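This report refers to the structure that appears directly beneath it.
In this note's numbering, the protein residues as written are 28 to 339.
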């Protein structure tokens, strides 16, 4: 039994296809198939049911796959130990970021990080929270940036900052004359929301204590971008809520429509999250330090109330 064979088993289990697994493993399909077959022969069990399309994992195979993940992770840790001992911070490092954080946060820290750690090849992917969690658990991401808490046993959450919600309220709106907002002022029936699948949408619904499946006679519009919500709001179709960092680059006339909440401000907790195996932890710590440093100067709010992104 070899680590390489176990890596091939994990690839076949993930892609449910020997040809695709070989392609992703950068070997020929006959080589991969032969190594998986050798492992099955050695164990005298069938890990995969090749008679089904797509290929499925047998009952005993599921247990082997689970253990193979542990073994491969621990094997990867040996390189981590050596890198940490040498003080080396470098190599490929894949980070996932949710869509409502990527456009504002990435420009703030990316240049600083790559200048400080030029040996790290940072691979950045925009993904929703559910996909981030799956990819962290499967080892396809080294870390991710998301709204928390997520309450996943296998995931460690390290808060980076607390980002207040800010109202975008045109002057002709019923709240247009208010100097500040309170949660009780909000009516979800006239709040323009991001589309399903965005955790910021869930945070707004949790803030308003609204049902997750909106219905009734009120007018409802959903969009995938804050810019669209702002434009629709300016057309008199309602108000919207924005994360604080999204308000910093608004034009002066749009900033006049911003309404801040009375303290404690409702806010989302933004964290760096990673698997509890803590692989490549030296790069994770370096990334956290850089992000915390650059954001500290942008968000000075302290008195906040964290709104959960969980769809409860």
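No residue lacks a Cβ here, since even glycine has one placed at the ideal position from N, Cα and C. Every value quoted in this text rests on a predicted model; they were computed, and no experiment measured them.
Item to check | First and last residue of the uninterrupted beta strand (DSSP E) at residue 148 | outcome: Looking at the DSSP string, the run of the beta strand (DSSP E) that includes residue 148 is 147-153.
Next on the checklist: Comparing C-alpha positions only, which one of 310, 294, 103 sits nearest to residue 122?
Outcome noted: 310
Checklist entry - For residue 302, which beta-bridge partners are listed by DSSP? => result 182
Checklist entry - Does DSSP classify residue 246 as helix, strand or coil? => result Confidence at residue 246 is low in this model, with a pLDDT of 48, below 50, so its placement is unreliable and no value can be given for it.
Checklist entry - Hey, quick one: how far does the alpha helix (DSSP H) through residue 108 stretch, first residue to last? => result Run containing residue 108: 86-113, per the alpha helix (DSSP H) assignment.
Next on the checklist: With H, G and I counted as helix, E and B as strand and the rest as coil, what does DSSP make of residue 336?
Outcome noted: coil
Checklist entry - For the putative contact between residue 159 and residue 120, defined by C-beta atoms under 8 Å, what is the C-beta separation to the nearest angstrom? => result Not really, about 15 Å apart at Cβ, beyond 8 Å.
Item to check | Beta-carbon separation (whole angstroms), residue 251 vs residue 219, contact threshold 8 Å | outcome: Contact flag wrong, Cβ pair sits at about 12 Å.
Item to check | residue 225 to residue 289 span [Cα, whole Å] | outcome: 25 Å
Next on the checklist: With distance defined between alpha-carbon atoms, name the residue in 267, 320, 46, 188 nearest to residue 137.
Outcome noted: 320
Checklist entry - What is the residue span of the alpha helix (DSSP H) that residue 282 lies within? => result 279-282
Checklist entry - Any idea if residue 244 is buried or exposed, counting beta-carbon neighbours within 10 angstroms, 16 or more meaning buried? => result A caution first: residue 244 carries a pLDDT of 46, below 50, which makes its placement in the model too unreliable to give a value.
Item to check | Exposure label - residue 246; buried when at least 16 CB within 10 Å | outcome: For residue 246, the predicted structure reports a pLDDT of 48, less than 50, and the residue's modelled location is therefore unreliable. A value from the coordinates is still provided. That one is exposed.
Checklist entry - Can residue 95 and residue 133 be called in contact, C-beta distance under 8 Å? => result no
Item to check | CA nearest to the CA of residue 340, picked from 276, 42, 302 | outcome: The displayed coordinates of the chain run from 28 to 339. Any statement about residue 340 would go beyond what the structure contains.
Checklist entry - On the three-state DSSP scale, how would you describe residue 40? => result Here residue 40 sits in helix by DSSP.
Checklist entry - Apart from the five residues just before and just after residue 208, which ones in its own chain have a Cβ nearer than 6 Å to its Cβ? => result 194, 286, 288
Checklist entry - Skipping 5 residues on each side, what residues in its chain have a beta carbon closer than 8 Å to that of residue 205? => result Correct list, in chain order: 196, 212, 286.
Checklist entry - When we look at the beta-carbon of residue 299 and count the other beta-carbons within 10 Å, is it buried (16 or more) or exposed? => result buried
Item to check | Three-way DSSP call (helix, strand, coil) for residue 330 in this model | outcome: coil
Checklist entry - Per DSSP, residue 286 is paired with what? => result 194
Next on the checklist: Going by DSSP, what residue range makes up the beta strand (DSSP E) through residue 70?
Outcome noted: Looking at the DSSP string, residue 70 is not in any beta strand (DSSP E); the run it does join, the alpha helix (DSSP H), is 56-70.
Checklist entry - Considering only residues of the same chain and omitting the five flanking positions on each side of residue 103, which have a CB-CB separation below 8 Å? => result 306
Next on the checklist: Let me confirm a value: residue 188 is counted as buried when at least 16 other C-beta atoms fall within 10 Å, else exposed. Which label applies?
Outcome noted: buried
Item to check | Span of the alpha helix (DSSP H) around residue 425 | outcome: Nothing in the structure corresponds to residue 425, since the chain is present only between 28 and 339.
Next on the checklist: Three Cβ pairs or more, each shorter than 8 Å: is that satisfied between the segment 139-146 and the segment 161-173?
Outcome noted: Contact between the segment 139-146 and the segment 161-173 is absent, because fewer than three Cβ pairs lie under 8 Å.
Next on the checklist: If I measure Cβ to Cβ from residue 261 and keep anything under 7 Å in the same chain, skipping five residues before and after, which residues do I get?
Outcome noted: 197
Checklist entry - Hey, quick one: how far does the beta strand (DSSP E) through residue 174 stretch, first residue to last? => result 170-175
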